[in-house]
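Taking it in order: structure first as structure tokens, then the write-up.
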Amino acid sequence: MSGEEKDEDSRQGIQSIEVGVPLLRVLADHGAPMMLRDLAIAAGMPAAKAHRYLVSLVRTGLVIQDSLSGRYDLGHFALELGLACIARLDPVRMANPVLDALGEEIGETVALAVWGNMGPTIVRWVDSRRPVSVNLRTGAVMPLLHSAIGLCFVSFFDSPLLSRRIDEELQINARGDDPRAPITRAELDALVAECRQHGLSRAVGSVIPGINAFCAPVFDHEGKMVLAITGLGPAGIFPPGWSSPMARAIRKAAQAISRQLGWRGDQAGAAIRRMQSRNGPPSALK
């Protein structure tokens with residue numbers, strides 16, 4: 372066999388595996404055991420064909436079949452694979468190439484932030500080709516209530532420390548004279564509701580005059596926020612509209628990282644509902 376033939380053969384792969392994988396995807400997405408007929412329809416194949424693949428998947432432990440109901444579900448080996456994958460996840464490392472691609476796409480400064488001991492903390496900063504003149508870099512801790520990064524954590528992050536930090540900043544804001552910073556729970560509630568409605572937060576010159584920013588949450592496989600990805604630029608070329616190309620690109624980048632971490636689109640809403648059921652809206656946090 373020539374080298375070219377070998378390359379072609381390696382690219383062909385094992386078709387039977389590629390055909391059977393959709394059955395696993397359907398079971399993973401469905402979230403509950405399924406009858407053969409429903410599983411086959413969802414996977415887009417005849418029931419007889421689906422059954423043949425399921426027999427092999429059951430033998431490998433990737434799928435199990437309940438002896439009483441006949442329903443199929445993900446098996447113990449699928450669980451082992453999932454847990455092994457989760458153990459290898461490093462959100463910041465996985466986010467880096469997406470962050471770089473985002474910077475290239477929008478042509479502006481981008482950054483990653485995590486929740487640190489002192490609050491929302493920038494862990495990576497990538498300047499645009501036209502650097503923004505701001506006094507922010509890796510290690511900077513952002514204000515919670517009037518920065519895009521801070522508001523993103525207030526809106527989507529679940530932590531027992533968050534309430535105390537909100538109280539502290541509201542008190543500081545009330546003593547100051549910065550009209551850009553919320554000073555009451557009602558003002559904060561309105562900002563949070565707006566962020567949750569659009570799936571990301573924004574700052575329109577509220578941290579640095581003349582600089583706008585958007586920030587979107589990154590969720591893990593449990594729907595918990597683990598990162599914030601942000602983009603910022605001069606107000607003249609960085610429009611503040613919620614549906615602007617900048618906002619859409621940043622939200623799309625965050626969703627791409629989230630999917631790599633095992634997130635599914637419905638989990639963000641579920642996470643927010645869990646937060647509200649425990650704590651209520653921000654004004655109810657005590």
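First residue of the sequence shown: 372, per the numbering used here; consecutive thereafter. Here a beta-carbon is modelled for each residue, glycine too, at the ideal position from N, C-alpha and C.
Within the model, the alpha-carbon separation for GLY510 versus LYS420 is close to 55 Å. Of all C-beta pairs linking the stretch 560-569 to the stretch 525-532, three or more are shorter than 8 Å, placing the two stretches in contact. Counting other Cβ atoms within 10 Å of its Cβ, ILE608 stays below 16 and is therefore classed as exposed.
In terms of Cβ geometry, ALA482 and LEU507 form a close pair [threshold 9 Å]. Rounded to whole angstroms, the gap between the alpha carbons of VAL429 and PHE448 is 10 Å.
Counting along the chain, no alpha helix (DSSP H) covers PHE585; the unbroken beta strand (DSSP E) around it starts and ends at 582-590.
Distances from the CA of HIS569 to each of ASP591, GLY547, LEU522 were compared; the closest alpha carbon is that of LEU522. A direct Cα-Cα distance of roughly 9 Å separates LEU433 from ASP444. Its Cα nearest to that of VAL397, the residue ASP409 stands out among ASP409, SER387, ILE388, ALA624.
In this structure, PRO491 sits near ILE520, with a CB-CB distance shorter than 9 Å. Setting aside the 5 residues that flank it on each side, TRP496 is surrounded in the same chain by ALA482, ARG508, THR509, each with a C-beta closer than 6 Å to its C-beta; the list follows chain order. In this structure, VAL589 and ALA625 form a Cβ contact; the two beta carbons are roughly 5 Å apart against a cut-off of 8 Å. In the DSSP assignment, VAL512 falls outside any alpha helix (DSSP H) and carries neither an H nor an E. Between VAL512 and VAL463, the C-beta spacing is not below 9 Å. Burial check for ILE388: the Cβ neighbour count within 10 Å stays below 16, so the residue is exposed. The straight-line gap separating the alpha-carbon atoms of ALA414 and ARG423 is approximately 14 Å. Counting only residues of its own chain and dropping the five nearest sequence neighbours on each side, MET405 has a CB closer than 8 Å to the CB of VAL397, LEU398, ALA413, ARG442, TYR443, ASP444.
Of the residues assessed, GLU540 falls on the buried side of the cut-off, its CB having 16 or more other CB atoms within 10 angstroms. Take the alpha-carbon of ALA472 and the one of MET416: they are about 37 Å apart. In the DSSP assignment, TYR443 is bridged to MET405, GLN436. Distances from the CA of LEU598 to each of ASN467, ALA411, GLY391 were compared; the closest alpha carbon is that of ASN467.
With respect to ALA620, THR601 sits apart: the two C-beta atoms are not nearer than 9 Å. Around the Cβ of VAL426, a 10 Å sphere holds fewer than 16 other Cβ atoms; the residue is exposed. Of the candidates VAL392, GLY446, PRO605, HIS401, the residue whose Cα lies closest to the Cα of ILE579 is PRO605. Spanning the alpha carbons of GLN542 and SER572 requires a straight line of approximately 22 Å.
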